[in-house]
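Converting from the sequence shown to the numbering used here requires adding 23 to each position, the first position being numbered 1.
Where is the CB? At the ideal position from N, CA and C, for every residue including glycine.
As the structure is a computational prediction, the values presented were derived from the model and not from experiment.
Beneath this line is the structure, given in structure tokens, with notes to follow.
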Amino acid sequence: MAMAGTRESRSKSSAWRLSLIDWQGKHAMAAADLDNDPLILLYDVARHMRTCADQMAQAHGLTRAQIIILARLEQQPDVSQNELAACAEVAPITIARLIDRLEELSLVKRCPDPEDRRIWRLRLTPAAAPILREIKSLRTKLRGVMTKGIDPAILEAMTTGLRQIKENVTSRRFAKASA
């Protein structure tokens, strides 16, 4: 009697192991498919890049959004808050709050527009320069790590492809097609 129970439990155990192996095999194949899915890869890379950017910003007591604003103002001095909001694709009130914080830190100053007193132009202060230099240095290192071992022609093709993807997903055609 004990013998039959043991055989039966071994049989169930073997069947369970085989089904587990089968399940693992199917899911390993599915995971491999996901590992090669460009959308998943793009999302994962972007997530890791955001994490790195968050760490860089936190080292200066800032947020990633504030670092992006500083970098944008370095490239486009005297931009208005509304123009900056449009570039960042956020509401003007969001930019206003971020600028408030940067102004409190003496990294940005608001200057009245000489032609329209309703408009505030944004300028970096000298205190922003060392932060921007360090961020540039860290970005260069990050880019080096990210692109290590990748042929420049492949990087150029990837950049072209990413621009096209961005255009596709931000166009009205995408909005209509996905509706």
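**Item:** Exposed unless 16 or more other CB atoms sit within 10 angstroms - verdict on MET79
**Value:** The residue you call residue 79 lines up with position 56 of the sequence shown. That one is buried.
Looking only at its own chain, which residues have a Cβ that is under 6 Å from the Cβ of ALA108, when we skip the five neighbours before and after it? By one-based count along the sequence shown, residue 108 stands at place 85. Answer for ALA108: PRO115 and ILE118, listed in chain order.
Exercise for the section: Return helix, strand or coil for MET24, following the three-state DSSP convention. Expected result: Locating residue 24 in the sequence shown gives position 1, where the first residue counts as 1. Confidence at MET24 is low in this model, with a pLDDT of 49, below 50, so the placement of that residue should be treated as unreliable; the coordinate-derived value is given next. MET24 falls in the coil class under three-state DSSP.
Q) Using DSSP with H/G/I as helix, E/B as strand and the rest coil, what is PRO100? A) Start at 1 with the first residue of the sequence shown, and residue 100 comes out as number 77. Three-state DSSP puts PRO100 in coil, outside helix and strand.
Spatial neighbours of GLY23 in its chain, beta-carbon cut-off 8 Å, leaving aside the 5 residues before and after: An answer regarding residue 23 cannot be provided, because it is not within the stretch 24 to 202 covered by the chain.
Practice item. State the Cα-Cα distance for the pair LEU185 and ARG141, rounded to the nearest angstrom. Key: As a first step, residue 185 is located in the sequence shown; it is residue number 162 there, counting from the start. As a first step, residue 141 is located in the sequence shown; it is residue number 118 there, counting from the start. Cα to Cα, LEU185 sits roughly 38 Å from ARG141.
On the DSSP bridge assignment, give the partners of LYS132 in chain order. What you label residue 132 is simply residue 109 of the sequence shown in a count that begins at 1. ARG146, per the DSSP bridge assignment.
Pairwise C-alpha distance: GLU157 and ALA13 = There is no way to answer for residue 13, as the model of the chain reaches only from 24 to 202.
- request: Check VAL168 in the structure and name its three-state DSSP category.
  value: For the purposes of this step, residue 168 is taken as the residue at position 145 of the sequence shown. Correct three-state label for VAL168: helix.
Quick check on the DSSP output: the alpha helix (DSSP H) that includes THR86 runs from which residue to which? Stepping through the sequence shown from its first residue, residue 86 is reached at position 63. Here THR86 belongs to no alpha helix (DSSP H), and DSSP marks it neither H nor E.
Quick one: grab the DSSP three-state call for ARG186.
Numbered from 1 along the sequence shown, position 163 holds the residue referred to as residue 186. Note: ARG186 maps to helix in three-state DSSP.
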